[in-house]
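**Student:** Could you have a look at this structure, given as structure tokens, before my questions?
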Amino acid sequence: MTNALSALRRSPAPSVSPLTEALQRHRADVDKSQADIARDAWLDESYVSRLFSGERTNPSRDALILLSAFGLGLSVPDTDEILLAADYKQLVLPQSLR
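Just so we're aligned: the sequence shown equals residues 60 to 157 in our numbering.
Below, the structure is given as structure tokens:
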């Protein structure tokens, strides 16, 4: 049992995905509970909880748009940041591609 505990202590902390990092950073700027964010985004509270904790790693693009724009109230550029962190296309093309 001691070997198992020491192995757990030595194991590196799981890396945080760019999506989880971006969601957590934007959530820190918003004065809303996770339940309020989920309700405003029309998403299940447990689903939103798993997104913020990093348990859920493959959300749909639509769910991220709802979460970003409605749940967190982010601007289009900030929503684009969330989408890019999840390897989705932006809502708006960069000026250089227009």
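Just so you know, even glycine gets a beta-carbon here, dropped at the ideal spot from N, CA and C.
A quick note: this is a predicted structure, and the numbers were derived from the prediction, not measured.
Using the beta-carbon count (16 or more within 10 Å), is residue 135 buried or exposed?
**Tutor:** Within the sequence shown, numbered from 1, the residue matching residue 135 stands at position 76. Per the 10 Å Cβ criterion, exposed.
**Student:** In the DSSP assignment, find the unbroken alpha helix (DSSP H) run with residue 111 in it and report its ends.
**Tutor:** If you number the sequence shown from 1, residue 111 lands on position 52. It spans 104–112 - the alpha helix (DSSP H) in which residue 111 sits, taken as one unbroken run.
**Student:** Taking only three categories from DSSP, how would you classify residue 93?
**Tutor:** To locate residue 93, count along the sequence shown from 1; it is residue 34. Reduced to three states, the DSSP call for residue 93 is helix.
**Student:** For residue 146, which of helix, strand or coil comes out of DSSP?
**Tutor:** For this step, residue 146 is matched to residue 87 along the sequence shown. Three-state DSSP puts residue 146 in coil, outside helix and strand.
**Student:** Can you give me the C-alpha to C-alpha distance between residue 129 and residue 114, rounded to a whole angstrom?
**Tutor:** Translated into the one-based positions of the sequence shown, residue 129 becomes position 70. Translated into the one-based positions of the sequence shown, residue 114 becomes position 55. Roughly 22 Å separates the two Cα atoms.
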